[in-house]
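Novice: One structure follows; several queries about it will come next.
In my numbering, the protein residues as written are 108 to 476.
Listed below in structure tokens is the structure:
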């Protein structure tokens, strides 16, 4: 494999240093929780190796999210990033073709490239509302296609597939002999009723998710892979055992505690996210230089600077970053034009979000040619 660092990681707030950022609108998750917020007592926890598949009570809690799923269908991983890596490296060879929804979380694109696969991009277009198009997907499939990689709700756009979309994609995977990987990290943050867990639809479907984005727990590194194909599950387990053997006992204990109280923990998170989204929506309505596709889920949106705005895009980012100390996710993080920007509204404090949005507006005004 040929690795290269991704711009989204090189330029991440962790690398820039949080102390150097006044308003951080780059994050694609909700606010990080503290251990004290969870009410968990780990005093009696034995710090031993854990079940290589993940502790059973945790897998049962994860499986309960979907219909006709069991703990044996679940493999717990060190975050969704590891889950995506395990799936890609287990299934793919350099001779394979992968169809990936684009734009996307960089790992979904870069890992197949590092393996040497042919990568075809299923482009989500602004003009079509960033909607999934089954006809476009069908046109990209050929006999070498091994994996179809989709995300819903989508990062960075906030667009969400419908259940009919998911079932159409699963049917195409079955017909073509490919596997369908669905990154469901934001499933708990649908604005409407969430779609089914993809793995419950077909044995050709693989679901990946985590506690990082919707729960505000990226520090415990807990994700998972769900598939109803026992042979595939064994392959993923073998990969995990060769990479990390098992998960942290501490991380899994916290995760089990959280998922056993899921609604109690998610309720205030969702309420804060709804308030933040309402503010962003109201702010966007007043922006003459920006246009967007209103999100259907998640905690990010992906507006763009209007082509006829007269705004010098590079100057805009310089002013935004250096004068106002405000950071967003620029389009090049997602191999898109820099007129696009990902605004994360779920992570900042309310005052930070308000100031950050105000700074974007001011930087746009000042960057006009």
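Ideal Cβ placement from N, Cα and C applies to all residues, glycine included. Every value quoted in this text rests on a predicted model; they were computed, and no experiment measured them.
If you reduce the DSSP assignment to three classes, tell me which class residue 120 lands in.
Specialist: Numbered from 1 along the chain shown, position 13 holds the residue referred to as residue 120. DSSP places residue 120 in helix when its eight states are reduced to three.
Novice: Spatial neighbours of residue 459 within its chain, please: C-beta separation below 6 Å, excluding the five flanking residues on both sides.
Specialist: Mapped onto the chain shown, residue 459 falls at position 352. Within the same chain, residue 459 has close Cβ partners 130.
Novice: Could you check whether residue 403 and residue 267 sit closer than 7 Å to each other, using their CB atoms as the reference points?
Specialist: The residue given as residue 267 occupies position 160 in the chain shown. The residue given as residue 403 occupies position 296 in the chain shown. Contact flag set, yes.
Novice: Where does residue 472 fall in DSSP's three states?
Specialist: In the chain shown, residue 472 corresponds to position 365, counting from 1. In the structure shown, residue 472 sits in a helix (DSSP, three-state: H, G or I).
Novice: Over what stretch of residues does the beta strand (DSSP E) that includes residue 158 continue unbroken?
Specialist: Counting from one through the chain shown, the residue named residue 158 turns up at place 51. It is not in any beta strand (DSSP E) - residue 158 carries neither H nor E in the DSSP assignment.
Novice: Contact defined as beta carbons within less than 8 Å: I believe residue 208 pairs with residue 231. What is the distance between those atoms, to the nearest angstrom?
Specialist: Translated into the one-based positions of the chain shown, residue 208 becomes position 101. Translated into the one-based positions of the chain shown, residue 231 becomes position 124. Residue 208 to residue 231, Cβ: 6 Å. Contact.
Novice: Locate the beta strand (DSSP E) running through residue 477, then write down its first and last residues.
Specialist: With the chain running from 108 to 476 in the structure shown, residue 477 is simply not present.
Novice: Return the Cβ separation of residue 113 and residue 217 in integer angstroms, given the expectation that the two are a contact with Cβ distance under 8 Å.
Specialist: Residue mapping note: residue 113 aligns to position 6 of the chain shown, counting from 1. Residue mapping note: residue 217 aligns to position 110 of the chain shown, counting from 1. Residue 217 and residue 113 do touch by the CB rule: their CB atoms are close to 6 Å apart, below 8 Å.
Novice: Residue 355 to residue 156, Cα distance in whole Å?
Specialist: The residue you call residue 355 lines up with position 248 of the chain shown. The residue you call residue 156 lines up with position 49 of the chain shown. Approximately 8 Å, taken between the alpha carbons.
Novice: According to DSSP, is residue 289 part of a helix, a strand, or is it coil?
Specialist: Along the chain shown, one-based indexing puts residue 289 at 182. Reduced to three states, the DSSP call for residue 289 is strand.
Novice: What residues in its chain sit with their C-beta under 6 Å from that of residue 476, if we drop five residues either side in the sequence?
Specialist: The residue given as residue 476 occupies position 369 in the chain shown. Closer than 6 Å at the Cβ level, and outside the excluded window around residue 476, lie 417, 419.
Novice: Alpha carbon to alpha carbon, how far is residue 444 from residue 421? Give it in angstroms, no decimals.
Specialist: For this step, residue 421 is matched to residue 314 along the chain shown. For this step, residue 444 is matched to residue 337 along the chain shown. Residue 421 and residue 444: Cα-Cα distance of roughly 11 Å.
Novice: Mapping DSSP to helix, strand and coil, what is residue 261?
Specialist: In the chain shown, counting from the first residue as 1, residue 261 sits at position 154. Here residue 261 sits in coil by DSSP.
Novice: Within a Cβ cutoff of 6 Å, which residues of the same chain sit near residue 163, ignoring the five residues on either side of it in sequence?
Specialist: Along the chain shown, one-based indexing puts residue 163 at 56. Closer than 6 Å at Cβ, skipping near neighbours: 178.
Novice: Give the straight-line distance between the Cα atoms of residue 147 and residue 123, rounded to the nearest whole angstrom.
Specialist: Here the question's residue 147 lines up with position 40 in the chain shown. Here the question's residue 123 lines up with position 16 in the chain shown. Using only the alpha carbons, I get a separation of about 32 Å.
Novice: Considering only residues of the same chain and omitting the five flanking positions on each side of residue 240, which have a CB-CB separation below 7 Å?
Specialist: Taking the chain shown and counting its residues from 1, the one referred to as residue 240 is at position 133. Nothing listed; no residue qualifies.
Novice: Report yes or no: do the region 390-404 and the region 433-443 share at least 3 C-beta pairs separated by less than 8 Å?
Specialist: no
Novice: Please report how far the alpha carbon of residue 307 lies from the alpha carbon of residue 314, in whole angstroms.
Specialist: Start at 1 with the first residue of the chain shown, and residue 307 comes out as number 200. Start at 1 with the first residue of the chain shown, and residue 314 comes out as number 207. Going from the Cα of residue 307 to the Cα of residue 314 covers about 9 Å.
Novice: Mind pulling the alpha helix (DSSP H) runs of 4 or more residues that sit fully within the region 374-401?
Specialist: none
Novice: Run through DSSP, which three-state label would residue 447 get?
Specialist: As a position in the chain shown, residue 447 is number 340, starting the count at 1. Residue state, collapsed to three classes: strand.
Novice: Ends of the beta strand (DSSP E) at residue 230?
Specialist: Within the chain shown, the letter at position 123 stands for residue 230. 225-230 is the span of the beta strand (DSSP E), which, as asked, contains residue 230.
Novice: Shortest alpha-carbon distance to residue 456 belongs to which of 138, 358, 133?
Specialist: Your numbering for residue 456 matches position 349 in the chain shown. Taking only the C-alpha atoms, the option nearest residue 456 is 138.
Novice: With DSSP collapsed to three states, give me the class of residue 324.
Specialist: In the chain shown, counting from the first residue as 1, residue 324 sits at position 217. Reduced to three states, the DSSP call for residue 324 is coil.
Novice: For residue 467, which of helix, strand or coil comes out of DSSP?
Specialist: By one-based count along the chain shown, residue 467 stands at place 360. Residue 467: helix per DSSP, three-state reduction.
Novice: Output the residue ranges of the beta strand (DSSP E) runs that lie fully inside the region 410-454 and measure 3 residues or longer, sorted by chain position.
Specialist: 448-451
Novice: Look up residue 174 in the DSSP assignment and say whether it is helix, strand or coil.
Specialist: Position 67 of the chain shown, counted from the start, is the residue given in the question as residue 174. Residue 174 sits in coil when the DSSP states are folded into three classes, being neither helix nor strand.
Novice: When we look at the beta-carbon of residue 172 and count the other beta-carbons within 10 Å, is it buried (16 or more) or exposed?
Specialist: As a working mapping, residue 172 is identified with position 65 in the chain shown. It counts as buried.
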